[in-house]
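Here is the structure we will look at, set down as structure tokens.
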Amino acid sequence: MSRLMVSVSGVRGEIGQTLTPEVAARFGAAFGTMLGAGQRVVIGRDSRPSGPAIRNAVAAGLMACAVDVVDLGIVSTPGTSLMTRQLEAGGGVVITASHNPIAWNGIKFLRADGIGLFAEQAAELKEIWQAGRFRYAEPTVCGRESRNPYTHTRHVDAVLSIVDATAIAARRFKVVLDSVNGAGGEATASLLSKLGCELVHLNARPMGLFPHTPEPTAENLTDLCEQVRRHRAAIGFAQDPDADRLALVDEQGRYIGEEYTLAIGAAATLERRKGAMATNLSTSRMIDDIAAAAGVRVFRTPVGEANVASRLVAEGCIFGGEGNGGVIDPRVVPVRDSLVGIALVLGHLARTGKMLSQVVSGLPHYEIVKTKMPSGAEGPAGLIAAARRHFEGREGVRFDDSDGLRIDLPAGWVHVRGSNTEPIIRIMAEAADRATAEALIAELRGLAPGN
Ligand code: MG
């Protein structure tokens, strides 16, 4: 049985195994205790069938601590962030396991500004939960619950406000969208309709039985690629179940991938405004090249959305995100948002008059290879120490140990770190060609204890 993952990103576990109603109610009470009596919390959930059970348990814990609960229904993670801010709630909760398979669910906690908890807040929450140090309310002042059905409308309006909708609509793009039967389908269909697109919508129903493994990676999107070709569409988009990540497919039905979502979003943003950007250490060098050409700075942060989001806000960046297809435009929400990604990419196509394949071939080209391995009992520390010893003294080497270890070499970089959400070690490398990136990964994997 897998263990319950309690991290800065929230809680994830397998339904009926490690993530039970008892666990969820105690986390609701811990969050309610941390926020304090009299606060209000919005709760959204993705489309998993286990969602209502976990939502009710979290809400029970919150209300027992005299916190009011606003149920948003099935909405995306960025939608929940937006409503946390618009309703001036004390915090937000999203019931989602993001791209994890159907057996999983999770609880993600948002601050009043809509960003995920920072490390010290996540540690405080975990401490309250572990110690059972809950401040349950007097019986007369328990929290109340209400519903708010306006997330999709407000979210779509916010996204429309950052692009030239008229210019996009004039192109009448034909778009194939795979919403994986997740939470993003309804709002995204509404957005594309308002952008004048002709939509072929795959897996549009938010009933949570995922038609394929829900992570929007190449091996899971063969049907989307096929449908883009068959419908002669201009572009294909794939969302993950909570609609914060976005992958692209070009007009020839080729999977372009998630790294390009961030790069094209950056290019689209810098076409209209100049300002700094923020991303994590595991993200492609493409954004550095695009920013350098525009004369703006890129801030690099440890992996973890809250790290990127908080730096982005603190430095006054106009755009940012992660190489997993999560783009952030702080005018909409300070979290990753696939609807923002779609709007920016379509805006770029409309403005340049190019097809997606032409946009991609005009960008600096790198090959990025991402792998993972089981972390074992000792975690990534042994491998990281071995990697530092191994590469030390190599010509031109630079180390960044703010998150695991990133090793920059003249020919490329390799980054090794423990996952925040799963018991695995992630190893990523990037170079001008795939063979060099794969060789860097092989060299690093060969240093693992036991090898
Ligand atoms: Mg997600």
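Numbering (the working numbering), first residue to last: 3 to 453.
Don't be surprised by glycine CBs; every beta carbon is placed ideally from N, CA and C.
In this text the structure is predicted, and so the values were computed from the model without any measurement.
Endpoints, beta strand (DSSP E) assigned at residue i
i	result
F111	W106 to L112
R428	I426 to A433
E380	Segment: none, E380 is in no beta strand (DSSP E) and carries neither H nor E.
H214	Here H214 belongs to no beta strand (DSSP E), and DSSP marks it neither H nor E.
E200	E200 to L204
R148	Just to set this straight, residue 148 is Ser in the shown sequence, not Arg. Element bounds for S148: E147 to R149.
V71	D70 to I76
E397	It is not in any beta strand (DSSP E) - E397 carries neither H nor E in the DSSP assignment.
F29	It is not in any beta strand (DSSP E) - F29 instead sits in the alpha helix (DSSP H) that spans P23 to L37.
L221	Contrary to the premise, residue 221 reads as Glu rather than Leu in this sequence. Segment: none, E221 is in no beta strand (DSSP E) and carries neither H nor E.
R234	Careful: R234 lies outside any beta strand (DSSP E) and carries neither H nor E.
S9	M7 to S9
C46	The question names Cys, yet the displayed sequence has Gly at residue 46. Where G46 is concerned, the enclosing beta strand (DSSP E) stretches over R42 to R47.
G97	First, the amino acid is wrong: residue 97 is Ile here, not Gly. G93 to I97 is the span of the beta strand (DSSP E), which, as asked, contains I97.
G14	The sequence as given places Arg at residue 14; Gly does not occur at that position. Unbroken beta strand (DSSP E) run through R14: G12 to E16.
Residue i beta carbon near the ligand NAP (any heavy atom closer than 7 angstroms)
i	result
S100	In the structure on display, the ligand NAP does not appear, and the ligands it does have are the ligand MG.
Cβ-heavy atom distance, residue i to the ligand MG, below 7 angstroms
i	result
R256	no
D246	yes
T79	yes
D290	no
D410	no
D242	yes
Test: residue i CB closer than 8 angstroms to a CB of chain D
i	result
Y257	Absent from the structure: chain D. Only one protein chain is present.
Where the alpha helix (DSSP H) containing residue i begins and where it ends
i	result
D403	Note, D403: premise wrong, no alpha helix (DSSP H); not H, not E.
E188	G187 to K196
R419	No alpha helix (DSSP H) contains R419, which is instead part of the beta strand (DSSP E) from G414 to G420.
G81	T79 to Q88
I443	R436 to R447
P54	G53 to A66
*Pairing CB atoms from the region 228–239 with CB atoms from the region 81–89, are three or more of them under 8 angstroms?*
no
I'd like the ranges of any beta strand (DSSP E) spanning at least 3 consecutive residues and lying wholly in the region 245–317.
248–251, 257–259, 279–282 and 300–303
With contact counted as at least three CB pairs below 8 angstroms, one residue from each stretch, are the region 132–146 and the region 156–163 in contact? no
Checklist entry - Contact between the region 378–395 and the region 197–214: three or more CB pairs below 8 angstroms? => result no
Ignoring anything shorter than 3 residues or poking outside the region 133–178, list the beta strand (DSSP E) runs there in chain order. 147–149
**Prompt:** Quick one: complete beta strand (DSSP E) runs, 3+ long, within the region 320–365?
**Reply:** 321–324 and 328–330
| message | Three Cβ pairs or more, each shorter than 8 angstroms: is that satisfied between the region 109–122 and the region 177–195? | response | no
*Determine contact between the region 264–281 and the region 291–299, defined as no fewer than three beta-carbon pairs at a distance below 8 angstroms.*
yes
Q: Give a yes or no on contact between the region 25–45 and the region 119–137, applying the rule of three or more CB pairs nearer than 8 angstroms.
A: yes
Exercise for the section: Would you check if the region 15–24 and the region 215–225 touch, i.e. whether three or more CB-CB distances between them fall below 8 angstroms? Expected result: no
- Given 8 angstroms as the limit, is there contact between the region 394–404 and the region 372–382, that is, 3 or more CB pairs closer than that? no
Examine the Cβ distances between the region 237–253 and the region 181–190 and report whether three or more of them are shorter than 8 angstroms. yes
Item to complete: Kindly confirm or deny that the region 33–52 and the region 88–103 touch, where touching means at least three C-beta pairs closer than 8 angstroms.
Response: yes
When the Cβ atoms of the region 343–359 are set against those of the region 169–180, are three or more pairs found closer than 8 angstroms? yes
Pairs of beta-carbons, one from the region 337–345 and one from the region 357–366, closer than 8 angstroms: are there three or more? no
Do the region 402–411 and the region 280–295 meet, that is, are 3 or more Cβ pairs less than 8 angstroms apart?
-> yes
inquiry  = Pairs of beta-carbons, one from the region 51–60 and one from the region 143–152, closer than 8 angstroms: are there three or more?
reply    = no
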